[in-house]
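Undergrad: Structure provided below as structure tokens; questions to follow.
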Amino acid sequence: MNTDETPGTVGPAVTFGLLAAWAVHDLEELLTVPGWSRDRLPELERRFPRVPERVWRQPAPADGREFAAAVAGMALVVTAAAAAGHRTGGRSAFYQGAVNGFGLHGLVHLAQAAVVRGYTPGVVTSPLLVVPFGLWARGRLREAGVLRPTRPRDAVQGLALAAAATTASHTVARLLLRRRGR
């Protein structure tokens, strides 16, 4: 047990570690999404013609400002989750759902890279940081006795939370940029 932890809780390395790991991961995405989208999406659209047009535009906009605004929106969600985890010693369902969603979304990045047979934004930090952090944080929560039982639906809920937060942050970013007149 870390000296910052009391029995039945986890310390700030586990709770605010989520925010730190997310920040490093999203820095990779901030640096790579605009160029990757511009360079690779046309080729992928030709390779996968059955994928609807809106799917190509949603997750990876070529507009760097929109993507940066969406990342800022996600920063608020992840900060709130980390703070809830810290405030509750790791017991927060919101925090634990965010840890689950973060770790699982790292697997999604790996699957995306496998499908496109190459680099996709976020794939470097996923096996090096995202997935290991998720596993490590869950291990610390388990050791502290505060990890909620995990069922298959919890994995689905974690991914759904991550997807909903991502969609919402992109929608808000798009609306804010339109309102400002770009």
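Under my numbering, the first residue of the sequence shown is numbered 823, with each subsequent residue one higher.
Positions of the beta carbon are idealized from the N, C-alpha and C atoms, including for glycine.
Predicted, not measured: the structure shown is a model, and the values here were computed from it.
Going along the chain, which residues of its own chain have a beta-carbon closer than 7 Å to the beta-carbon of residue 912, five neighbours each way excluded?
TA: Hits under 7 Å: 831, 832, 836, 837, 963, 966 and 968.
Undergrad: How close, in whole Å, do the beta carbons of residue 945 and residue 932 come, if the pair is a contact with beta carbons under 8 Å?
TA: About 6 Å; that satisfies the 8 Å criterion.
Undergrad: What residues in its chain sit with their C-beta under 6 Å from that of residue 823, if we drop five residues either side in the sequence?
TA: With a pLDDT of 48 at residue 823, under the threshold of 50, the modelled position of that residue is not reliable, and no figure is offered here.
Undergrad: Assuming contact is defined by CB atoms lying nearer than 8 Å, are residue 903 and residue 892 in contact in what I supplied?
TA: Going by C-beta atoms, residue 903 is not nearer than 8 Å to residue 892.
Undergrad: Can you give me the start and stop residues for the alpha helix (DSSP H) that residue 873 sits inside?
TA: Per DSSP, residue 873 belongs to no alpha helix (DSSP H) and is neither H nor E.
Undergrad: Just the C-alpha distance for residue 829 and residue 870, rounded to the nearest angstrom, thanks.
TA: 52 Å
Undergrad: As an exercise, report each continuous alpha helix (DSSP H) stretch of at least 4 residues that is fully enclosed by the stretch 883-926, in chain order.
TA: Qualifying alpha helix (DSSP H) stretches, in chain order: 886-909.
Undergrad: For residue 971, which three-state DSSP category applies?
TA: coil
Undergrad: Could you check what DSSP says for residue 964 in three-state terms: helix, strand or coil?
TA: helix
Undergrad: Once DSSP output is grouped into helix, strand and coil, what is the label at residue 877?
TA: helix
Undergrad: Report the rounded CA-to-CA distance for residue 952 versus residue 843, giving the unit in angstroms.
TA: 7 Å
Undergrad: State the Cα-Cα distance for the pair residue 1000 and residue 971, rounded to the nearest angstrom.
TA: C-alpha of residue 1000 to C-alpha of residue 971: approximately 43 Å in a straight line.
Undergrad: Have a look at 905, 878, 989 and 901 and flag the residue whose alpha-carbon is nearest the alpha-carbon of residue 864.
TA: 878
Undergrad: Cβ of residue 959 less than 8 Å from any chain D Cβ?
TA: Among the chains of the structure shown, chain D does not appear; only one protein chain is present.
Undergrad: With 16 other CB atoms within 10 Å as the buried threshold, where does residue 940 fall?
TA: exposed
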